[in-house]
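>
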Amino acid sequence: MIEFNRIVCPTDFSPTSSHAVDYAATLAHSFDAELVLLHIIPEMTYPLRSFGMAHSFQHIQEELHTRANESLKKRADQIHAKLPKIRIRFALRDGEAHEETLACAKEEQADMIVMGTHGHTGITHALLGSTAEKVVRLSECPVLTVRTPE
475 MIEFNRIVCP TDFSPTSSHA VDYAATLAHS FDAELVLLHI IPEMTYPLRS FGMAHSFQHI
535 QEELHTRANE SLKKRADQIH AKLPKIRIRF ALRDGEAHEE TLACAKEEQA DMIVMGTHGH
595 TGITHALLGS TAEKVVRLSE CPVLTVRTPE
């Protein structure tokens with residue numbers, strides 16, 4: 475029998491990822507699984523770093539972490555208002571979204587990843603790539619992708 479003990483759900487706080495968080499929370503509640511809300515902050519590798527501005531980037535990164543933690547807490551509070559007994563933890567990482575999602579799922583021994591997808595095709599997909607597609611292709615655990623209703 476398949477058991478879900480831990481579900482990782484990356485969020486960038488967009489409507490698409492918010493919809494995926496709702497799915498993940500419902501699944502976690504149904505299976506009495508722990509929900510790990512993950513937010514990934516892209517690393518800042520701008521050319522200005524070489525012009526003596528590296529000190530400023532540290533403050534920006536710290537502010538991004540502070541705001542992300544506040545947003546994760548707010549989202550968890552919204553979930554708890556509807557599903558009070560659900561277990562939720564936060565994970566905050568820096569780096570490439572697909573790499574950090576996969577690393578978090580592996581480290582957390584996730585049974586599933588639930589994530590939003592914008593469903594881009596054609597030239598938009600070719601130019602932007604797809605974090606969800608990379609996660610689906612490379613994940614060691616099942617991945618549920620959720621599109622926002624049109």
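Heads up: the sequence shown begins at 475 in our numbering, then just goes up one per residue.
Idealized CB from N, CA, C, for every residue including glycine.
What you are looking at is a predicted structure, and each value in this text was computed from that prediction instead of being measured.
Classify H513 as helix, strand or coil using the three-state DSSP reduction.
The sequence position of residue 513 within the sequence shown is 39, counting from 1. Reduced to three states, the DSSP call for H513 is strand.
> Below 8 Å on the Cβ atoms is my contact criterion, and I expect A502 with I481 to pass it. Report the Cβ-Cβ distance as a whole number of Å.
Residue 502 sits at position 28 when you count from the first residue of the sequence shown. Residue 481 sits at position 7 when you count from the first residue of the sequence shown. Confirmed, Cβ separation roughly 5 Å.
> Could you tell me if S491 is buried or exposed, where buried requires 16 or more neighbouring beta carbons within 10 angstroms of its beta carbon?
Your numbering for residue 491 matches position 17 in the sequence shown. Its Cβ being crowded by 16 or more others within 10 Å, S491 is buried.
> Since I560 and L509 should fall inside the 8 Å C-beta cutoff, what is the C-beta to C-beta distance between them, to a whole number of angstroms?
Locating residue 560 in the sequence shown gives position 86, counting from the first residue. Locating residue 509 in the sequence shown gives position 35, counting from the first residue. Their Cβ separation, rounded to whole angstroms, is 6 Å, which keeps I560 and L509 in contact under 8 Å.
> Confirm, please, whether the CB-CB distance from L511 to C578 is below 8 Å.
On the sequence shown, residue 578 is found 104 positions in, with the first residue counted as 1. On the sequence shown, residue 511 is found 37 positions in, with the first residue counted as 1. No; because the gap between Cβ atoms is not below 8 Å, this pair is not in contact.
> Roughly how many whole angstroms lie between the Cα atoms of K556 and E607?
As a first step, residue 556 must be located in the sequence shown, where it is residue number 82. As a first step, residue 607 must be located in the sequence shown, where it is residue number 133. Spanning the two alpha carbons is a distance of roughly 30 Å.
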